[in-house]
Amino acid sequence: METPGIYRKKVIDFLDRMPVGSVYIIDHICKTENKEMFIEIVKEYIISTRRAYSNGIEFTSDYSRIRKMDVSGLPELY
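For the sequence shown, the UniProt record's numbering assigns the number 1 to the initial residue and increments by one for each residue that follows.
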């Protein structure tokens with residue numbers, strides 16, 4: 001089993017590498033036992049990158065999917 005720090009890094013790396021326009025079903029990309037931690041890491045990522053439009057990452061309202069939007073044409077917030 002991976003340590004929480006290593007898992008966190010893998011999730012953040014995954015979010016950073018997500019192609020614009022991609023949509024992922026969370027149940028298809030993480031193990032059931034990691035789902036809660038995965039969602040919390042993504043929430044933290046979204047909050048920590050708000051000044052950069054969360055790098056385009058967003059959840060569906062039921063936290064079942066994540067997607068990456070194109071934010072390249074939006075004005076800088078800082």
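Beta carbons: idealized from backbone N, C-alpha and C, even for Gly.
C-beta atoms of residue i and residue j nearer than 9 angstroms
i   : j   : result
Y53 : L15 : no
K35 : F59 : no
Through-space distance from residue j to residue i, alpha-carbon basis
i   : j   : result
P4  : E76 : 32 angstroms
I26 : E33 : 12 angstroms
I6  : P19 : 22 angstroms
Same chain only: Cβ atoms within 7 angstroms of residue i, ignoring 5 sequence neighbours per side
i   : result
R8  : I41
S22 : R67, K68
D13 : none
6 angstroms Cβ shell around residue i - same chain, five flanking residues per side excluded
i   : result
I39 : Y63
G56 : K68, M69, V71
Strand pairing of residue i, partner residues [DSSP]
i   : result
V23 : R67
F59 : I66
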